[in-house]
Every structure is written in structure tokens, then in C-alpha cells.
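All remarks here apply to the structure that follows.
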Amino acid sequence: MIQRIYPRALGGAAGLSVLALGVLLYVGIGRLGLTLAPSLLLVLCTVPLYLAASIAFGAARRRGRRIGDYPLSLALPSATYFGAFFVVPTVFLAVFAVASTTGYGVIHYGFSLDAFRTALGSVYREAFFRTLRMAAVGTVLTALVGYPLAYWIARYAPARRKGLLVALILLPFLTSFLARTLAMLLILSDSFVAWHVLKTLHLIGDPPHLADTTTAVQIGLVYNYLPLFILPVFAALERMDWSLVNAAQDLGASGFTAFREITLRLTAPGLLAGVLLVFIPMMGEYVIPFILGGGRVDMAGNLITRSFLEVSNYPVGSAAALLMMGALAVFLAVYIVLSVRSEEQYGA
Amino acid sequence: MARLIGIRRLEQPGRAPAQRVAEHDVTFREVSKVYDETVALDRVDLEVRRGEFLSLLGPSGCGKTTSLKLVAGFERPTSGDVLIAGEAAVDVPPHRRDVNTVFQSYALFPHLTVVDNVAYGLKQRGVSRRERRLLAQQALELVDLRGREHHRPAQLSGGQQQRVALARALVLRPRVLLLDEPLGALDHKLRQAMQIELRRIHDEVGITFVFVTHDQGEAIAMSDRVAVMNNGRIEQLDDPQRIYDVPATPFVAEFVGDMNVLEGLRTAADRVQLDDGTLLHVGRVLDEAPAGGRVRVGVRPEHTLVVQDEGSGRRGRLEAVMVVGHELQLVVVMEDGTKVVSRQSRTDTAVGEALEPGTRVWLEIAPGAAVVLGPAQPAQADAAPLAAAAPSPARNPQRKEKTA
Amino acid sequence: MNKPIDIPAEINVLAPENRADEIAGEISRRQFLAAAGVGAAALAVPGLASAARRAAALESKLLIGNYLNYAAPSDYTTFTKLFGPKVTVSTYSSSQEMVAKLRAGGSAYDIVVGGGSEVIILRSLGLIQKLDHSKLPNLKYLRPDMHKTPYDPGNVYSVPKSVGMLSFWYRPAVVKERPKTLMDMFKLLPKYKSARVNFLDGAKETLDMALCTLGRNLNSTKPQDIADAKKLLIAAKPYVDTIGGNAIELGSRGQIDICLGFNGDAKVVNRALQKHGDRVIFFLPQGTTEYFIDNWIVPNAAKDPDAAHKWIDWMCTPTVAAREMNFIGYLSPITGIEKYVTKDLANDPTINIPAKDLARYQTSHPSPKFLQLANQVYDAFKAA
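Residue numbers (my numbering), protein chains in the order written: chain R, 37 to 384; chain G, 881 to 1284; chain V, 229 to 612.
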């Protein structure tokens, strides 16, 4: 009996120390400029979650189900974070979405589907499909720009330079997102010095009028999300066994066929991860269209932002946000199914 | 051949089959390959005869794998010509060459089943699905792998993967099959079984095999001819027996088979006097060394005999006795400290198996069995305690005692 | 910061302090952090607790919510020097954004700036507090008509800050015609395809302007009026380059050719452009348009209402009001400022709007229905 209790006590102690570390971290984060309130809230969120998890697993154990020897306490800090910043707000969204407003936007809690009706209306629908189109085009462009680069680094760059090249790709991330986007605005605007130089050299007529257009937004999307795409794709290509490509060519496949049937096929999970990693945030993007689109290009994210931050129509904003999450969850589900299948395929 | 009768020779797309029957399937003419600073191949000439099993043998970095890549088309020679079936192949891309490779790591496509792996090349040539299945099935039978058609490579053992790789390359019936150390990843027993199997398959299909290995035993056991390579050159191209018995260069002599290397004074064209006074009758001289100079001589273990009675042999002390199958391997430490390995059949050995280490024995060397490997190298003074050119007595106390 | 060239010497002297203001802001934040650190230490050492509390009490702060470039930064530092509270400013780009921020809570403004419509909305939502007139002795300087604004007679909740109006301004270097009404300008837009056109941010402001352009009641919720306004806006959309671009900043760099905007902003832009021999023309429409009175409002959530009252009262001082007017370019509703205000402002009919024109112009009193329609129209306009 003693021998059986001992490891559990040890596990419990380990779990508690992880928890304590988590608490310390939260408090530490709270100290950074913010007040202590959010971190205290998080700590308070942790306690019921921890209790709930213990009770649930205890019950499962009593019923004799094997849960495996996973130290679940390791997942607790992140569970707390997701609980506090994702689950709780999503519940709020759901409550708002079925509420209604009267007068100057006073919220009446209840059950009404009016907000969903508005959020499915033509303006929102059009914005959604426009966003879908821009995100899709943006993702394809990102892939077309990013894949060859990742391929080159993974296959041809000298091994000792790879780290440096990947670091260079991440370099833009060292500046703030806003600063990068504003810098792009300077380059895209007609007064950018390069256009003048080109015009003086009679290489172009008038400047291309890029700023404040959908094209500018599209370029901005690709630029900002490129590193996010390259990393998983590079990781996949880095694991690639290039002798497989030689083998395919050896067996009569042309270079392109070998790329399509072997390289692309085997790096598809990484490619898919990269695509989702850029596609989903692109769908929710609202800063880039605001800055580079001159405020005249509305993506779905702008409409939702406006519902909350300007026109104070929480029900419609919440309904639109939930619908958007639902639509994106479909993409995520596709990804999960595909990645599980590919794992099975390789017999991993 | 019997099981593959009826399979028509698959034609290369976009290329007329070579009409004239070339005597050599692969020809290298003055082929050099230079990477950055290193010379991988140095003006190599090679002719691989139609239908033979040729091994490229050598230590790592000798250029054997580079040679294979030049034939497969994954590399271009820096200079010189590569001919396949008598036709210039340098500008022919890999997928248009009538050669197929069994890769060292097998390079099986992890996302395809066994049968799809084998049928991959057929698919590239536009063979119909039905025929593909049939031919792949036959190829798998040839390599003795049945019932695993729908497994993924990761679900197979190393040996089975090896067979799939072989079937995948063979199913195309190439003019030349290139094998890049295909047995390297297998355990000893499996490797020996596969050696026999590979040879059987070669004899059955009648395709030219070019086999790359660093294992001299493997090369000797399987090949029709062996090309021993070193530093980007072919040192000797000969049948296995001659490679072993009549090595053309000191490198071949030492690389192929076990060799005891001794040092002594060249007293006459066919005489070498070892430092303890023993006179050796030299059979062959591989590298000319001036008479009267110090030379290195090589003696194979099986050309020595350990006896317990004092005779004409050298005196030494038995250090170890090992029973290796039907053979007995004995390590004798000579009085000057040199170690000599001797191998003799257990049935006709002159000494008992139960001989204790430490026993005083005499070592006899068969007349004419020793070969002169070349002049003694001062650089090896540290490695061989008896190196004559030892510059200072302090570095060689044993010798000092002896001369004193 | 766009510093006009012809502002009074007094402000020029204060100009370097604009930087000092920012730096002072930084320092005060650091001091606050230090105080917080003391507080944390005090938790561990009980003896220090009372000392820390006393230190925190000395730190009085005033958080002002305002539109961008809608107050003279030098006055923030001057206020701190005179009365103590450190001033922090947070900006918003439309009145609706301000309302949304107040409703969401979390941003504890001590004072916000908003138009008459915002006073109505915020009051109906119960988000603002009644002003204590005993703390606002300088209200006596307020123009008599400003004591009985239609949205808040008696200044119970609001004290007028600036008076402004909406129209187009344009660079005569680009636009050769001289439009007389808002509609004239709408009709010119297709002619100047490559001109850089900026429209206002905000749903309410956009619908207000469209209704005025059509000569309708700007508070109308009649379906026909709304439909027409929507049509007008969507037809103009292809010629609009930016919506809600920073008019003062972009305009001062000469990057806007036609701007739907406010008179005061046009004034500031003009001062900047004149340095380079360029200029813009802001015109008083012969038809109708919107004019507005912006106010100081104290939200319920104000942490330091005393400081807020002090600020409002100080702003009503003629010298301060004149300084503000000189900087932001909008008419101040304070009397006795004439001798401190620069001539170009005092004599400018686009700033000091003549009564006969003002009679034609309308003010906004949006009903909930109007705001709802405005949001729909704006969404459609943006989507077009």
C-alpha cells in the first residue's frame, strides 16, 4: 500500500509545484505594467480547474478506466490560460449573441436570433466572402513565395548557414507588427522615393497607386504572414529524405513529377500546417486592411471590431464572431482529419 | 530467369532501344569528379561487362559511391565521358537512363504501399494499372517477398525493406542495376543470406550489377569482378581470387583479406631478413624497393604455421587462441614485440586447441608466401614498434636492449 | 506635432515643452511604477504601508479622452504645473468609438470630449455625471447661447468646448472649380479620379453628411432619405481613397486633395501648407450642412472628478480658451477671448460662422433608430 501511495504523493507534489510555478509566472506577468488583477483572476481560475480535473480523473480511476500515466498537471498552466482567455470569453460571446439591444444599444439578455439574422445578412455575408477570397488569395501567394524559399534553405543552403537564414526570416518579427505595417504604407504610397526614381528614368509613367487599395492589403497580408508560413514548411522540408527524390528520378520520374509525387506529397502536412497558420489569422485580420486599405477596404474582422468598438452592437458582433469561428473550425477539422490520416499512412 | 520469362523488355520512353549490342554496359573514360577542393575521382577508366556482377570496393571516400552517382546520373563528371551501353550518357538526365539504383537507405516511399513502391517506375512509364500489379507481384516473388503487398515500408523489417527496394529497381529490367551498399544496414546473418540471394537474383535475371561496398568479404564472395578503389582511383580490377591471391598494389594487399605486416632488410631480390634474423623467401614484389633497404613485407595468416617444436621458425609466445568456426586463430607475440596472426584449419593444426596462452611457440612462414609491400615508412615508426628507421634509441627501448 | 507657423509667440515659446510634456509623461509613469514597487514592498514590511499609501495619494492623475489634435499639448503641462494632477491623453477617432469605450468600461476617463449627440446618448445610458457648478466659476465666461444648448440646457452634464462645422476642403491646385454646396463637390468627384479623397470616420458622421448633401433633415430616419443617402455614398465610393485617414497629418503633408472634414482641421492644414506655398480652401456651403458643439463631459467612472472640474473650469478662462482656439483652429464658445485670438481665426467666416449661415445649418440629435440605420449605411458604404 505504502509503495502505491508514494508515487502518487510524488506526482501530486510535482503537480503542485508546477501549479506554484504557474502562479508565480502569472503574478510575474501581472507585474509587468498591468495591475495584479488579471493575474489574480488567473490564479483563481486555476483552483476550480484543478479541483474539477482532480475530481474527474479520480472518478474515472474509481470506475477502473485507465487514463494512462500522463502527468496531467503539466497541461494545467495552459489549460488555465485557455480557460481564462478563450473559454470564458467564448461563453460571453454566446450570451451576447442571443441577447438583443434597445435604445442606444442597451443590452437585454434573453434568447433572440435577431443578431444571427443580421450577421447572416448581405453586408456581413459579402464581407465574409470578400475576406475568404482575400485570405485564400493571400495564402496561395504566401505559399508561392514561401515554399520555394523554405525548399531552397532546406535542400541547398549550407548546413551551417541554415540557422542564420531562418533567423533572417524571423527578423521582421523583431519589430512591432504595427511598425512593419506602417512602414509598408510608406513603400506602397505614391510618394515613395523609388517611384520617383523610376519615373525620372522613364521606366514607369505614374506611380502605381497601391496604397489604400485591396492590392495593398493583399500584399500586406502576404508580407506579414510569410515567416509564419515558412517555419513549419521549412521544418517539414528539413526532415525530408532527399534520396527519395533521387529514387523517384531513378525510377523514371522527371524532376517535376518527383517534386509533385514525392516532395510535395511528403511535406504536405507541414504545408497544410503553414497554410492554416496563415489562413486563419488572415481571416481575422483587421489591422492590415485598416492601415493599408485606407479604411475603405472592410474585411470581416473590421466589421466585427466595429460592432464592438464603435457602434456598440454587441449581439451582432458576437453573432458574427461566433459564425466566423464556426466557419474556421471547419477548416481546422479538415486539417486534423488530414494530419491524422497522414500520420497513419507513414505508419508512425 | 525462369520466373521472369514472358516479361517483355520495357522500352524507355522517347528513346529508341539501343540496337547494337555493346560489349560493355558501362564505360568510364578518363572520368574525374572534383568537389570544391577534394578530388573524388581521378581520371578513372572502367568497363563493366554486359551481365557481370561487378563490385566497387574501397574505404569510405575512395570514390565508389561517386562512381555510382555518375552512372545513375545524379552527378556530372568534372571531365571525361560516361557511356551506358556504348552511348554517351553525361547529358542524359537520371530518369531517362536505363539504369536503376538500390539505395543505401533503400529510399522507399513512406506514403506508398509495398506494391505501389514497386510499381512506381512502371507507372512513370505509362504501364497500365493491371499490368503494373502483375509485374510488381512477379518482382516481389523474385525477391521472395509475398503477402506484404499492402503494408507500408515502415511496417517492414530492414531485410524486407531491402527486398522491396531490390524489387522496385528490378521490375523495370534495367540494363544495369546499381546497388549502393544495400546490405550495410542488415545484421550479420541476414547479410550473408542476402549475399547469396543477391547472387541468385543476378544469375536469374541476367542484368549487369554494379555493387558498391566497403566490405571486402562481401565483394569477394559475390562478384564476378572486383574493382578496388582508393583515393579516387581504381587500384586493381580483377576477379576476386586474383585480387586476394595476387594483389596488384600494397593497398589492395592490405585492404583485401587479413595481412601481417612485418619489416626487414631486403637482402636480395627475393630475400628479406627480418630483424630477428629470420630469412623470408619473398614471392612477389608489389612496390619496388631498393635492395639493401628496409622494406615492409606482408604475410597472410593462412600462410603461417604455429608449431610447438623448435624448427626453422621464429620464436614467440602465444598470446591468444580463438576458435573461429572450423578455423583456429592464434596470435603470437614475437620476441621483438611484433604480433602475428596465424590461421589454420582445426583439423590439420599442429598445435592443440587447449594450448594455454603464454606457451612458447615457433612460427613458420610458407616459402614464397610473403610479398614485399614497399619501402618501410618512417612515419609508421610509432605504430610498428620494430620500425627500423626509429630515429632515437629512447623511442625504442626494446630494440636498444636487443642490440646491446 | 504639426506646429503652425503663424501661431502666437506665447505658444511658440511653449512648443519645446511639448516634448517636455511627453518626457514628463514618461517620468510620471516610471514614478508610478516605482510607487507600485514601494507598494509591493510595503506588503512585506507592514511599517512601510502607510508611507506608501501617502505617496500614492499625492499622485493625482487626470485621464482625458479626446479626438486627435483637439487640444493644445502645452496646456496639459501647464495644467500640471499650475494645479498638480498629471494629465494623460487617450484619443479616439470617432464619437461612437468614445461611446463604445465608455460602455465597455475599463477605460476610466476623467473627462471626455463629445458632441451634443453624445451627451444625449451617454446621458440616456447613465454613463455621465452631473457637473458641480460651484466648482466651475468660470462658466460665467460662456457665451449666453451656450448655456441653453438644445441637448443640455443649463449645462447640467456638459460644458461647450468648441464649435465646428462640416464641409469639404480641397486644394485649389487640383480642383479648378469653386463648389458652392456639398452636392457640387460630390458631382466633381468623378472628374478628379486621381485626386486623393479622404472621408470621415464614423457611421453617424457619414450619414449626417450624406443627408445634408441631399438637403434633407440630418436626423431623418425616413426610409426614402436613408435609401437616397446610401445611394449617394455608394456612388461616391470608387473615388474615395481613404476613410478616416488622419486629415490633419495627411493634409499638412499635402497628401489629401479633397477632404470631407471640419473647419478647424482645414485651418490647421492650411497653416502647414502655406509654409510651402500651397493651400486648401474650406467652403461654407450655400445649402445645409452639420454644425456641432463639442463639450467637456465627466463620465461616472471618473476617478478624479475634482481634477476634471478643475480642468473644465480652467478651460473656460478666456486666455486659455483663446490659446486652445489658436492651436486647434476651432471657434471657442468663451467670451472675452477676442484680444487673444489671432486675426486670421477671428475674422474667418468658416470659423466664426456668420449667423445667417448658421441658421441654415443643422445639429445632430440621433435617435436609436437613426444610429442603427447609420451603422447599416456605413457598413454598406465601406463594403462597396
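For each residue, glycine too, the CB sits at the ideal point set by N, CA and C. It should be emphasised that the depicted structure is a prediction, and the values quoted were computed from it without experimental measurement.
Pull up the distance between the alpha-carbon of residue i and that of residue j, whole angstroms please.
i                : j                : result
T545 of chain V  : V347 of chain V  : 23 Å
A304 of chain R  : A252 of chain R  : 29 Å
P561 of chain V  : F396 of chain V  : 23 Å
Q1040 of chain G : E1011 of chain G : 23 Å
G310 of chain R  : L264 of chain R  : 7 Å
F933 of chain G  : A1101 of chain G : 11 Å
A952 of chain G  : L1117 of chain G : 21 Å
I565 of chain V  : A550 of chain V  : 5 Å
L300 of chain R  : S1225 of chain G : 58 Å
L207 of chain R  : I327 of chain R  : 22 Å
I581 of chain V  : K503 of chain V  : 26 Å
G931 of chain G  : M1074 of chain G : 19 Å
V1222 of chain G : Q984 of chain G  : The displayed chain sequence assigns Ser, not Val, to residue 1222 of chain G. Approximately 35 Å, taken between the alpha carbons.
D10 of chain R   : V314 of chain R  : Outside the shown range of chain R, which is 37 to 384, sits residue 10 of chain R, and nothing can be said about it.
Y322 of chain R  : L257 of chain R  : 10 Å
L1025 of chain G : A203 of chain R  : 47 Å
S348 of chain R  : R196 of chain R  : 54 Å
P194 of chain R  : Y915 of chain G  : 14 Å
T217 of chain R  : T308 of chain V  : 35 Å
V998 of chain G  : V906 of chain G  : 25 Å
V1252 of chain G : Y1124 of chain G : 15 Å
R1122 of chain G : E1143 of chain G : 24 Å
H593 of chain V  : T316 of chain V  : 30 Å
E1061 of chain G : T1093 of chain G : 5 Å
V526 of chain V  : K363 of chain V  : 13 Å
R351 of chain V  : L180 of chain R  : 54 Å
Can you find a heavy atom of the ligand GTP that lies under 7 Å from the Cβ of residue i?
i               : result
Q502 of chain V : Among the ligands in the structure shown, none appear at all, so the ligand GTP cannot be discussed.
Buried or exposed for residue i, going by 16 or more other Cβ atoms inside 10 Å?
i                : result
L237 of chain R  : exposed
H537 of chain V  : buried
M170 of chain R  : buried
A384 of chain R  : Because the pLDDT of A384 of chain R is 38, which lies under 50, any placement of that residue in the model is unreliable, and the number read from its coordinates should be weighed accordingly. Exposed is the call here.
G539 of chain V  : Going by the sequence as given, residue 539 of chain V is Trp instead of Gly. That one is buried.
E552 of chain V  : buried
V623 of chain V  : With chain V represented from 229 up to 612, any question about residue 623 of chain V goes unanswered, as that position is not in the structure.
F122 of chain R  : exposed
G1238 of chain G : exposed
P513 of chain V  : buried
L358 of chain R  : buried
With a CB to CB cut of under 8 Å and the five nearest residues on each side skipped, what residues in its chain are close to residue i?
i                : result
A185 of chain R  : Correcting the residue identity first, residue 185 of chain R is Leu in this sequence and not Ala. Hits under 8 Å: I205 and I266.
L1052 of chain G : L890, N980, G1001, L1002 and R1005
P596 of chain V  : none
V281 of chain R  : A294, F295, I298 and T299
Between residue i and the rest of its own chain, which residues show a CB-CB distance below 6 Å, the 5 nearest in sequence each way excluded?
i               : result
Y379 of chain V : G344, V347 and I348
A151 of chain R : A133, P351, V352 and A355
Answer yes if the segment 953 to 961 of chain G comes into contact with the segment 904 to 913 of chain G, meaning at least three C-beta pairs across the two stretches below 8 Å, and no otherwise. yes
Going along the chain, which unbroken runs of the alpha helix (DSSP H) with 4 or more residues stay wholly within the segment 997 to 1071 of chain G? Listed in chain order, the complete alpha helix (DSSP H) runs (minimum 4 residues) inside the segment 997 to 1071 of chain G are 1009 to 1022 and 1038 to 1050.
Three-pair Cβ contact test at 8 Å for the segment 424 to 435 of chain V versus the segment 585 to 603 of chain V: yes
Contact the segment 148 to 163 of chain R vs the segment 315 to 323 of chain R: 3+ CB pairs below 8 Å: no
Jot down the residue ranges of each uninterrupted beta strand (DSSP E) in the segment 925 to 978 of chain G, minimum 3 residues, whole runs only, in chain order. 933 to 937 and 959 to 964
Could you name each continuous beta strand (DSSP E) segment of 3 residues or more that falls completely within the segment 372 to 430 of chain V, going from the start of the chain to the end? 386 to 398 and 425 to 427
Segments assigned alpha helix (DSSP H), at least 4 residues, entirely inside the segment 516 to 556 of chain V: For the segment 516 to 556 of chain V, whole alpha helix (DSSP H) runs of length 4 or above, ordered along the chain, are 533 to 543 and 546 to 556.
Validate contact between the segment 359 to 367 of chain R and the segment 137 to 146 of chain R using beta carbons, cut 8 Å, 3 pairs: no
4 or more residues per run - each alpha helix (DSSP H) lying fully within the segment 169 to 230 of chain R: 195 to 206 and 213 to 224
Do the segment 1158 to 1167 of chain G and the segment 1239 to 1256 of chain G make contact, defined as three or more Cβ pairs closer than 8 Å? Yes, since at least three Cβ pairs between the segment 1158 to 1167 of chain G and the segment 1239 to 1256 of chain G fall closer than 8 Å, the two stretches touch.
In chain order, which beta strand (DSSP E) runs of at least 3 residues are fully inside the segment 1135 to 1169 of chain G? 1140 to 1148, 1151 to 1154 and 1159 to 1165
If we count Cβ pairs, one from each stretch, closer than 8 Å, do we get three or more for the segment 497 to 511 of chain V versus the segment 368 to 384 of chain V? no
With a floor of 4 residues, list each alpha helix (DSSP H) that falls wholly inside the segment 305 to 349 of chain V, ordered by position along the chain. 323 to 332
Flag this pair as touching only if the segment 1151 to 1158 of chain G and the segment 1177 to 1196 of chain G have three or more C-beta atom pairs under 8 Å; answer yes or no. yes
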